[in-house]
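Visitor: Residue numbers (this note's numbering): 2 to 311. For every residue, glycine included, the Cβ atom is placed at its ideal position computed from N, Cα and C. Take a look at this one; I'll ask things after.
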Ligand code: SIN
Ligand code: FE
């Protein structure tokens, strides 16, 4: 488990020859192994004026929203302190940022180009060290990501982070990839029960009813067994103090201006300190993966001996 520096992308020759295709597959392969893809300097444009603006945006202290989030589909921001920034300007800046990251990801990760769905972006102005959040929301505890309101059905959570802080690094811990922990803790986190339950006629009927409700416009979440487990595993990891204490850890310092990409559904991660990060999330189609057998949904289906998506 480590970090791969993506030096080839910044070269002017990128995209000009077959070399980009080859390098790009190497980067996707590294991400799918559970590596962090690292850029010492931000590899897409963010205007200086936008950075200056963002560094003055604040969140209210209410902890209702963990970050300032931007929903590209609706072109809206949530969770910033009105009075510290003009909303329309902030929306415009987050829109431009989100677009720049999409263009970058399409150019960098050619096998995934166009094979993703855009999720939320966020700006994280609060110092992470010493945040007072409930356990399930704490990001200083190692965990894999799973979103309660946006099930992925086996598609992958790819996140792009940029440290906008002009002076301080953002500090992360990571641990061994998903497979290790699924093998060790899958049973105690409830995988056999979830797999058995997913086959029961009552459960299948309930999911059909939820989907019917959704089609009629009722705001319900249809959660496939894969997402049921991943959400449980997210909480299980955060609540497991022996895992938190004893698991092998790598510590990373992401310096000012750095950008890094990681499949956060596979790599247990925690942020120990830092403020002012930008982040964009993608759901990468599981059909676009170069090594689908390493994907969490396939790892879990092997362990459970049953399909968990669909
Ligand atoms: C997380 O996804 O756990 C947060 C990481 C960060 O904000 O740096
Ligand atoms: Fe996370």
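With residue 104 and residue 115 assumed to form a contact (beta carbons below 8 Å), what rounded beta-carbon distance in angstroms separates them?
Guide: Start at 1 with the first residue of the chain shown, and residue 104 comes out as number 103. Start at 1 with the first residue of the chain shown, and residue 115 comes out as number 114. With a Cβ gap of about 12 Å, residue 104 and residue 115 do not count as contacting.
Visitor: From the DSSP output, in three-state form, read off residue 66 for me.
Guide: Along the chain shown, one-based indexing puts residue 66 at 65. Residue 66: coil per DSSP, three-state reduction.
Visitor: In chain order, which beta strand (DSSP E) runs of at least 3 residues are fully inside the stretch 158 to 205?
Guide: Complete beta strand (DSSP E) runs here, min 3: 171 to 175.
Visitor: How many angstroms separate the CA atom of residue 253 from the CA atom of residue 178?
Guide: Start at 1 with the first residue of the chain shown, and residue 253 comes out as number 252. Start at 1 with the first residue of the chain shown, and residue 178 comes out as number 177. Cα to Cα, residue 253 sits roughly 16 Å from residue 178.
Visitor: Is any non-hydrogen atom of ligand 2 found closer than 7 Å to the C-beta of residue 146, if you look at the structure I gave you?
Guide: In the chain shown, the residue the question calls residue 146 occupies position 145. Under cutoff, so the answer is yes.
Visitor: Spatial neighbours of residue 56 within its chain, please: CB distance less than 7 Å, with the 5 preceding and 5 following residues excluded, ordered by chain position.
Guide: Here residue 56 corresponds to residue number 55 of the chain shown, with the count starting at 1. Cβ within range, chain order: 165 and 277.
Visitor: Is it true that the stretch 212 to 230 meets the stretch 254 to 263, where meeting means three or more beta-carbon pairs spaced less than 8 Å apart?
Guide: At 8 Å Cβ cutoff, the stretches do not touch.
Visitor: Just to confirm, is the Cβ distance from residue 141 to residue 289 under 8 Å?
Guide: Taking the first residue of the chain shown as 1, we reach residue 141 at position 140. Taking the first residue of the chain shown as 1, we reach residue 289 at position 288. Taking 8 Å as the Cβ cut-off, residue 141 and residue 289 do not qualify as a contacting pair.
Visitor: Going along the chain, which residues put their C-beta within less than 5 Å of some heavy atom in ligand 1?
Guide: So the residues near ligand 1 by this Cβ test are 140 and 272.
Visitor: Just to check my reading of the structure: residue 190 and residue 237 have Cβ atoms closer than 8 Å, yes? What is that Cβ distance to the nearest angstrom?
Guide: Position 189 of the chain shown, counted from the first residue, corresponds to residue 190. Position 236 of the chain shown, counted from the first residue, corresponds to residue 237. Indeed, because the Cβ distance is near 4 Å, the residues count as touching under 8 Å.
Visitor: Taking the DSSP output, what are the residues bridged to residue 261?
Guide: One-based indexing of the chain shown puts residue 261 at position 260. According to DSSP, residue 261 bridges with 39 and 162.
Visitor: With residue 90 as the anchor, note down where its alpha helix (DSSP H) starts and where it stops.
Guide: Working through the chain shown from its first residue, we reach residue 90 at position 89. That run of the alpha helix (DSSP H) goes 88 to 109.
Visitor: Would you tell me roughly how many angstroms separate the C-alpha atoms of residue 196 and residue 37, rounded to the nearest one?
Guide: Mapped onto the chain shown, residue 196 falls at position 195. Mapped onto the chain shown, residue 37 falls at position 36. Going from the Cα of residue 196 to the Cα of residue 37 covers about 31 Å.
Visitor: DSSP beta-bridge partners for residue 270?
Guide: As a first step, residue 270 is located in the chain shown; it is residue number 269 there, counting from the start. Answer is 144 and 175.
Visitor: Which same chain residues end up closer than 6 Å to residue 262 when comparing Cβ atoms and leaving out the 5 residues on each side of it in sequence?
Guide: The count along the chain shown starts at 1 and reaches residue 262 at position 261. Taken in chain order, the residues that qualify are 38 and 161.
Visitor: Tell me whether residue 296 is buried or exposed, calling it buried when 16 or more other Cβ atoms sit within 10 Å of its Cβ.
Guide: Locating residue 296 in the chain shown gives position 295, where the first residue counts as 1. With 16 or more other Cβ atoms within 10 Å, it is buried.
Visitor: Under three-state DSSP, which class holds residue 307?
Guide: Residue mapping note: residue 307 aligns to position 306 of the chain shown, counting from 1. In the structure shown, residue 307 sits in coil (DSSP, three-state: anything other than H, G, I, E or B).
Visitor: Using CA atoms only, rank isn't needed, just tell me which of 117, 48 and 157 is closest to residue 268.
Guide: In the chain shown, the residue the question calls residue 268 occupies position 267. Residue 268 has its Cα closest to that of 157, out of 117, 48 and 157.
Visitor: Any heavy atom of ligand 2 inside 7 Å of the beta-carbon of residue 150?
Guide: As a first step, residue 150 must be located in the chain shown, where it is residue number 149. Outside the cutoff, so no.
Visitor: Just checking my contact of residue 24 with residue 9 at CB under 8 Å: how many whole Å lie between their CB atoms?
Guide: What you label residue 24 is simply residue 23 of the chain shown in a count that begins at 1. What you label residue 9 is simply residue 8 of the chain shown in a count that begins at 1. Contact flag correct, Cβ pair sits at about 4 Å.
Visitor: Can you list, in chain order, the residues of its chain whose CB lies under 7 Å from that of residue 44, leaving out five sequence neighbours each side?
Guide: As a first step, residue 44 is located in the chain shown; it is residue number 43 there, counting from the start. Hits under 7 Å: 10, 11, 105 and 260.
Visitor: Under 8 Å between the Cβ atoms of residue 88 and residue 78?
Guide: Mapped onto the chain shown, residue 88 falls at position 87. Mapped onto the chain shown, residue 78 falls at position 77. Yes, the Cβ-Cβ distance between residue 88 and residue 78 is below 8 Å.
Visitor: Span of the beta strand (DSSP E) holding residue 123?
Guide: To locate residue 123, count along the chain shown from 1; it is residue 122. Per DSSP, residue 123 belongs to the beta strand (DSSP E) from 117 to 125.
Visitor: Specify whether the stretch 210 to 218 and the stretch 128 to 142 touch according to this definition: at least 3 beta carbon pairs, one from each stretch, less than 8 Å apart.
Guide: These segments do not touch.
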